[in-house]
Structure formats: structure tokens, C-alpha cells
Amino acid sequence: MLDAAPLAGRDVRHITADVPAPASTDMSGALNEQVFWLTLANAFLPPKGEAAFAAFRDGLPLDLAELTGEMGLAADAEIASLRMGIARMSEALELLVEYSSLFLQPPVPAPLNLTRYVDGSVNGPCLDALENAYRLAGIAKRDDLRDLPDHIAVQLETLAVLLGEEQPGIDARAFANLCLVGALPRLAAAIAAEAPASPYAALARLAAKAIAGLAEPTDSASERRHRRAQRRADPTLGVWRSCDSCGRPFAREKEIAIMAKALAQVGLPAEHLARCPDCRDAAQGFFRRQIK
Amino acid sequence: MAKWGMVIDLEKCVGCQACTVACGMENTRLPGEHWQDVIFFQEGEYPNTELKWFPRPCMHCENPSCVAVCPVRATYKTEEGQVLVDWERCIGCKYCMIACPYGVRFYTEEKPRYGGPDVKAVFKSGDARSWDPPWRAPQEDWRHGVGVQPHDVVSKCTFCYHRVSKAPKGTADLDPQNPALREFTPACVVTCPTGARFFGDLSNPHSEVNKQIAYKNGVRLLDHLGNKPQVYYLTGEGGSVPAERASKLKV
Ligand code: SF4
Ligand code: SF4
Ligand code: SF4
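Each protein sequence line maps, in turn, to chains C and E.
So the first sequence is numbered by the numbering used here: it starts at 21 and just counts up by one.
So the second sequence is numbered by the numbering used here: it starts at 1051 and just counts up by one.
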């Protein structure tokens, strides 16, 4: 294990950068899962110093094999790759350089700030959702953690904490689905594209495989959005305005009334709302030419 | 504070669509989703007809219909005059598209108009973006409607917000011939091979755009509607769009 100390001894609800994980091997299924995620959280922190390297090389594959075995997660291939990846390295500095080139050095090939994989940018709505989740869970980032709350270590540690709560402020599965479920497979792909033999590639694959077990089966946010869009466009719902030119329904009468009122309030005309946007150019004798 | 505006000289515009293509590349647009397009029309009676045209980006209206109707304030006007869409707020209701009298807005989920395959299906996205283009411009700023948009939102010309917003304060004109300002100048203006497009500060009386509007009698499209576009056309004698056509069109 990377660093051993009892999880039960956690007395402050502060998410930290270096999470202790239990040394005991005699654990229940739920505790196994918690320790598994804490171990992965630790493994994605910068491997500073000889002790961290030794733990990564000697302890981590063994612990993961044991934990995944207890959890019933088939991870032999990932753990074998992890062993091979780390066996390439003879000193701590090599691992640190690999970590840095994958996760820190711009242009960062595989950012560990996972909302990047969901939003395509930093500070997007996924980060807002995570911050809200931390608030619901009563979890705060420790001051000395100099990273955003979407860092993989913070998220995995939070997941572990939530899995251990009897009445968590936010359900662990719901938390995992905010970002981890979508982001971990993409992190794994990003590392695989850059350094397929890296021990971090194996770790990310393992994390992606394990998080799939927490994926919500249906009704994702995008599905909900899609359904909303479909309802909005359903011509059988409500009374629709048909275009004066093509006759196709293009907005509900109620919506047209709202728009006309809003336009009148700023002194703008609404006569053009008689036609759908597609027919207005033609009504003026305008046409476009295809670019080939 | 600048008030950015564009001037398009229709005596110089040859309708080549270089601006349309440059805009598409700069802003990673879907094929057919032309934030700016060259609009063609026939003038005169058969057999004495003439083909004419004018380029049409968003007018970045001073009194924008789109902003007036947006129920969630996703469409807004910046202090510098750009009318933008915040893709993190937009709910895809299309009110703005329906209300805009200039036809310059696009809904992501619309079927492709250009007659080719649906590239959103060909280049499927694995993340929140609506598609995963094989090449895309680096800038991404959803709060200002820049980049590849998510599903179910409306998009439009941003007056190249990602470029113009970085221009040195106090700049009167973004002249693409000036190497120091080129990178801040809208892509369509930079690319126009005949130099028909000008971009500058409408609130600065000494700006080139203001001089052009004053000396060459700049007109605004559908000006009778009251939207007060910040895009002006110079039509001159032989201009592609006669002044009264630009200002008296019916919608
Ligand atoms: S041209 Fe249309 S989209 Fe652009 S600002 Fe005016 S009303 Fe809005
Ligand atoms: S489609 Fe988006 S930007 Fe347009 S009116 Fe609706 S919410 Fe506003
Ligand atoms: S200003 Fe930028 S976004 Fe607008 S038409 Fe020109 S290139 Fe396109």
C-alpha cells in the first residue's frame, strides 16, 4: 500500500492530497472498494521520493491485485501491465519524469483535471457541478492542495469517502456520474495515445474499468436534454404557427406571442414572425450558393 | 470602451466567398453552417437581369431582436458591442433564431443544408461537444459562443470575439495590413482578397470605419426595422446592393 493508516481514523472532512489508506487486509466488501479508490487516488499523486517509488513498484501491484480480487473485478491484464511498466524503471526520478511529462508539462497530453474531458475546457459546468457536490457532501479542499477540485485524486478520494458514508449528502454513484464515469475512459485513452507502456496507462485503464460499475444505466443528462429538445419540437404538443410561405409549423402560437411582446417592449417589429426563418430569404428574392 | 463595427464595401466585394470559408475555418463551423454567407439576388426583369450579392454576417445590432426574446439571457450584448451566445446558458429554444430578422443564426441539431453527409454523425463526439471535427481551431470559450458548440444550442458570428477582445485598448481600426493588429482582426476581414471589409471602433470619430461610413454614405440592412446594425454597407454607384434595397427591404 502506498501509505498506510486507518480510514476510520479520518476525523476531519477535508479532502487532502495525500490520503492515508488502511493497512489491514481483513476488510469488508465496501471497505475494500473504499481502499481501492483511495489507493488509486494516491497513485495519481506526484510520486515524490524514494519511498513513493518503492511503494509504487513493490506494494501497489500487490495491493491492487488483492483488492480487485476481493471486489470481484477482473483486472489481471491491467495489473500485469502495471508491473511491466514499472519494471522498466530503475529509479524514482524516472517515474517522476514520466508523471511530469504526462500530467504536468505543457502542453499536457493527459490532464488529471478531469472536467477537461467532459467540458472540453477548464472551469466549465462540470466543475460547477462538482463544487456543488462537494458542498452537498460537506467536503472541503485542504488549503495546501494547490489544484482544482476536479483533480483525479480529489475526486477519487471523495468517492471513497462517500462510499463509506451511511447517509451521504450526495450518493456515491451520483457523484461518480458527474465526472468520473465520463472522464476516466478518456483519461485512459489520452495516456494510451501518449505512452501506452506507462504504468499510468495501466492504472488509468483499471480506474476506467472499475468506474464503469458505477455508471448510471439510463437517463443521463444528455438523454434528458435530448428528450427535452424532442418535446420542444413535437408538433403534436400545443398550437403551432405555420409558416406563411412553406406552411410548415415552426413555433407555438404561445411562443410567438411571447416573442412579439418582448420585441414590442424594445420597439421592434414582429411582422416577420409570420414566416419561418428558412423562408425569409426567398421571400426577399435572396438565395445562397453552395460552396463546393 | 470601443464599439466595434464592420463596414463592407460592395463596390469592392466580388462575391468570392473567401470570407465565408475563412470564417468557417476560424470558427470550426459545420459544412453549410455559414455564420457569414454571401447572399445573391437578381435585379431587373428578364431578359435584362443582373446577378448581385452582398455578404451577410450577424449585424451585432445595437437593438438586437435576439437579445430581446431570449428567455434565459443566454444571448447578450457585450460592453464592446458584440452580440454573443453563452452556450452554457442556452436551452436551444430557438426564439432568437425566429426573432432575428437577418437570418444569421444556426441551431446545432438542424439537418445539414449543404447536401453532403451529416458530419456530426461521421465525426461523432465523445464529449460535451456536438461533434469532433478532424481539425479544430484551438480557441474554446463557451460563455462567448466560441469553439465547437455543445448539442442543442444556437450559434452565430461572434465578430471574432476571441481575436477582437484581445486587441490593444484604444485601437481605432483593426487593419489587417498592420502586422501588429492582424491577429486581432476578424478572420473574414483578414482574408477578404479585395479589401472590401473594414473593422473598427464606431465610437471613435477618427476611425477608418466612421470615415468610410460618412464619406461613402454607409447604409444598414433593413434599417427601417430599428435594429440599428453595427454592420454598414457601402453601395456607391455600381454597388452590388443599391442603397434603397439595403434599407427598404421587406421581411
Ligand atoms: S443580426 Fe440577428 S442575431 Fe445578429 S444581433 Fe441582430 S438580431 Fe441578433
Ligand atoms: S436558443 Fe438559446 S440563445 Fe436563443 S433564445 Fe433560446 S436560450 Fe436564448
Ligand atoms: S467576424 Fe468572425 S465570426 Fe463574424 S463573419 Fe467574420 S470571421 Fe465569421
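We put the CB at the ideal spot given by N, CA and C, even for glycine.
Does any CB atom of chain C fall closer than 8 angstroms to the CB of M1147 of chain E?
-> As a working mapping, residue 1147 of chain E is identified with position 97 in the second sequence. Interface flag for M1147 of chain E against chain C is set, since a Cβ pair is found closer than 8 angstroms.
Quick one, which residues of the region 1107-1133 of chain E are near chain A if we go by CB-CB under 7 angstroms, in chain order?
-> Protein chains in the displayed structure are C and E, and chain A is not among them.
State yes or no: is the beta carbon of A1217 of chain E nearer than 8 angstroms to at least one beta carbon in chain C?
-> As a first step, residue 1217 of chain E must be located in the second sequence, where it is residue number 167. A1217 of chain E does not count as touching chain C.
Which residues, in chain order, does the region 192-204 of chain C contribute to contact with chain E at a C-beta distance below 8 angstroms?
-> From the region 192-204 of chain C, only G202 have a Cβ closer than 8 angstroms to chain E.
Using the beta-carbon count (16 or more within 10 Å), is L257 of chain C buried or exposed?
-> Here residue 257 of chain C refers to the residue found at position 237 of the first sequence. It counts as exposed.
Just checking, does the region 1051-1065 of chain E make contact with the region 297-306 of chain C on the three C-beta pairs under 8 angstroms criterion?
-> Short answer: they don't touch.
Could you confirm whether any beta carbon from chain E is found closer than 8 angstroms to the beta carbon of R308 of chain C?
-> Numbered from 1 along the first sequence, position 288 holds the residue referred to as residue 308 of chain C. Taking Cβ atoms only, chain E reaches closer than 8 angstroms to R308 of chain C, which makes this a yes.
Burial state of L82 of chain C, where buried means 16 or more other Cβ atoms lie within 10 Å | As a first step, residue 82 of chain C must be located in the first sequence, where it is residue number 62. Residue environment analysis places L82 of chain C among the exposed positions, since fewer than 16 neighbouring C-beta atoms fall within 10 angstroms of its C-beta.
Give the interface partners of E1138 of chain E over in chain C, defined as CB-CB distance under 8 angstroms, in chain order.
-> One-based indexing of the second sequence puts residue 1138 of chain E at position 88. For E1138 of chain E, the residues of chain C that pass the 8 angstroms Cβ criterion are G144 and P145, in the order they occur in the chain.
Reference E1076 of chain E; option with closest CA among E:V1269, E:P1236, E:R1270 and E:C1242 | Locating residue 1076 of chain E in the second sequence gives position 26, where the first residue counts as 1. E:P1236 is the residue among E:V1269, E:P1236, E:R1270 and E:C1242 whose C-alpha sits nearest the C-alpha of E1076 of chain E.
May I have the straight-line CA-CA distance separating T88 of chain C from P126 of chain C, to the nearest angstrom?
-> For the purposes of this step, residue 88 of chain C is taken as the residue at position 68 of the first sequence. For the purposes of this step, residue 126 of chain C is taken as the residue at position 106 of the first sequence. Taking C-alpha positions only, T88 of chain C is separated from P126 of chain C by approximately 34 angstroms.
Is L1275 of chain E helix, strand or coil when you go by DSSP?
-> Indexing the second sequence from 1 puts residue 1275 of chain E at position 225. In the structure shown, L1275 of chain E adopts helical secondary structure according to DSSP, grouped into three states.
Closer than 8 angstroms at the beta carbon, the chain C residues around A1087 of chain E | In the second sequence, the residue the question calls residue 1087 of chain E occupies position 37. With the sequence shown as reference, residue 1087 of chain E is identified as Asp, and Ala is not the correct amino acid for it. Within chain C, the C-beta atoms nearer than 8 angstroms to that of D1087 of chain E come from R308, in chain order.
DSSP state of H292 of chain C, grouped into three classes?
-> Taking the first sequence and counting its residues from 1, one reaches residue 292 of chain C at position 272. In the three-state scheme derived from DSSP, where H, G and I count as helix and E and B as strand, H292 of chain C is classed as helix.
Check whether the Cβ of S1115 of chain E sits closer than 7 angstroms to any heavy atom of ligand 1, and report yes or no.
-> Numbered from its first residue, the second sequence carries residue 1115 of chain E at position 65. The answer is yes for S1115 of chain E.
Taking C-alpha atoms, which residue in E:E1160, E:D1225 and E:K1216 lies nearest to H1084 of chain E?
-> Working through the second sequence from its first residue, we reach residue 1084 of chain E at position 34. E:E1160 is the residue among E:E1160, E:D1225 and E:K1216 whose C-alpha sits nearest the C-alpha of H1084 of chain E.
At which residues does the alpha helix (DSSP H) containing A213 of chain C begin and terminate?
-> Start at 1 with the first residue of the first sequence, and residue 213 of chain C comes out as number 193. Boundaries of the alpha helix (DSSP H) around A213 of chain C: L200 to E214.
Tell me the start and end of each unbroken alpha helix (DSSP H) in the region 224-283 of chain C that is at least 4 residues and wholly inside, in chain order.
-> If we require 4 residues or more, the alpha helix (DSSP H) runs fully inside the region 224-283 of chain C come out as 241-252.
Cα-Cα, which of E:P1255, E:A1264, E:C1242 and E:N1260 is closest to C1066 of chain E?
-> Locating residue 1066 of chain E in the second sequence gives position 16, counting from the first residue. Minimum Cα distance to C1066 of chain E is reached at E:C1242.
Looking at W1085 of chain E and ligand 3, is the gap between the Cβ and the nearest heavy atom below 7 angstroms?
-> Position 35 of the second sequence, counting from 1, holds the residue named residue 1085 of chain E. At least one heavy atom of ligand 3 sits closer than 7 angstroms to the Cβ of W1085 of chain E.
So with Cβ pairs under 8 angstroms, would you call A271 of chain C a contact of chain E?
-> Sequence index remark: in the first sequence, residue 271 of chain C carries index 251 (1-based). Using beta-carbon distances, A271 of chain C counts as an interface residue toward chain E, with a partner under 8 angstroms.
Beta-ladder partner(s) of V286 of chain C, from DSSP = As a working mapping, residue 286 of chain C is identified with position 266 in the first sequence. None; V286 of chain C has no bridge partner.
Hey, is F1090 of chain E's beta-carbon within less than 8 angstroms of any beta-carbon in chain C?
-> Within the second sequence, the letter at position 40 stands for residue 1090 of chain E. Yes - at least one Cβ of chain C is within 8 angstroms of the one on F1090 of chain E.
Does C1066 of chain E come within less than 8 angstroms of chain C when only Cβ atoms are used?
-> By one-based count along the second sequence, residue 1066 of chain E stands at place 16. Among the residues facing chain C, C1066 of chain E is not included, as its CB has no counterpart in that chain under 8 angstroms away.
Short CB-CB distance (under 8 angstroms) between D1273 of chain E and chain C | Position 223 of the second sequence, counted from the start, is the residue given in the question as residue 1273 of chain E. Output row for D1273 of chain E: interface = no.
Helix, strand or coil for T59 of chain C per DSSP?
-> Sequence index remark: in the first sequence, residue 59 of chain C carries index 39 (1-based). T59 of chain C: helix per DSSP, three-state reduction.
What distance in whole Å lies between the Cβ atoms of N197 of chain C and E236 of chain C, which are believed to be in contact at a cut-off of 8 angstroms?
-> For the purposes of this step, residue 236 of chain C is taken as the residue at position 216 of the first sequence. For the purposes of this step, residue 197 of chain C is taken as the residue at position 177 of the first sequence. The beta-carbon separation of E236 of chain C and N197 of chain C, rounded to 5 angstroms, stays under the 8 angstroms limit for a contact.
Does any heavy atom of ligand 3 sit closer than 7 angstroms to the C-beta of C1242 of chain E?
-> Locating residue 1242 of chain E in the second sequence gives position 192, counting from the first residue. Residue side-chain check: C1242 of chain E keeps its Cβ at 7 angstroms or more from all non-hydrogen atoms of ligand 3.
How would you list, in chain order, the residues of chain E whose beta-carbon sits under 7 angstroms from the beta-carbon of L283 of chain C?
-> One-based indexing of the first sequence puts residue 283 of chain C at position 263. In chain order: S1115, A1118, V1119 and A1149.
Under 7 angstroms from the C-beta of D139 of chain C: neighbouring residues of chain E = In the first sequence, residue 139 of chain C corresponds to position 119, counting from 1. Those within 7 angstroms of D139 of chain C in chain E are A1178.
Would you say the beta carbon of P1107 of chain E comes nearer than 7 angstroms to a heavy atom of ligand 3?
-> Counting from one through the second sequence, the residue named residue 1107 of chain E turns up at place 57. Yes, ligand 3 has a heavy atom inside 7 angstroms of this Cβ.
Determine the closest residue to V1088 of chain E out of E:R1247, E:T1078 and E:Q1132, with distance taken between C-alpha atoms.
-> As a first step, residue 1088 of chain E is located in the second sequence; it is residue number 38 there, counting from the start. For V1088 of chain E, the nearest C-alpha among the options comes from E:R1247.
Beta-carbon contacts of E273 of chain C that lie in its chain and below 8 angstroms, excluding the five residues immediately before and after | Along the first sequence, read from residue 1 onward, the residue named residue 273 of chain C stands at position 253. Once the five neighbours on either side are set aside, the close Cβ partners of E273 of chain C are G258, V259, W260 and R261.
Which of helix, strand or coil DSSP assigns to N1260 of chain E | The residue you call residue 1260 of chain E lines up with position 210 of the second sequence. Correct three-state label for N1260 of chain E: helix.
Per-residue contacts from E1159 of chain E into chain C (C-beta, under 7 angstroms) = Position 109 of the second sequence, counted from the start, is the residue given in the question as residue 1159 of chain E. Result: A249.
Helix, strand or coil: which one does DSSP assign to W1103 of chain E?
-> Position 53 of the second sequence, counting from 1, holds the residue named residue 1103 of chain E. Three-state result, W1103 of chain E: strand.
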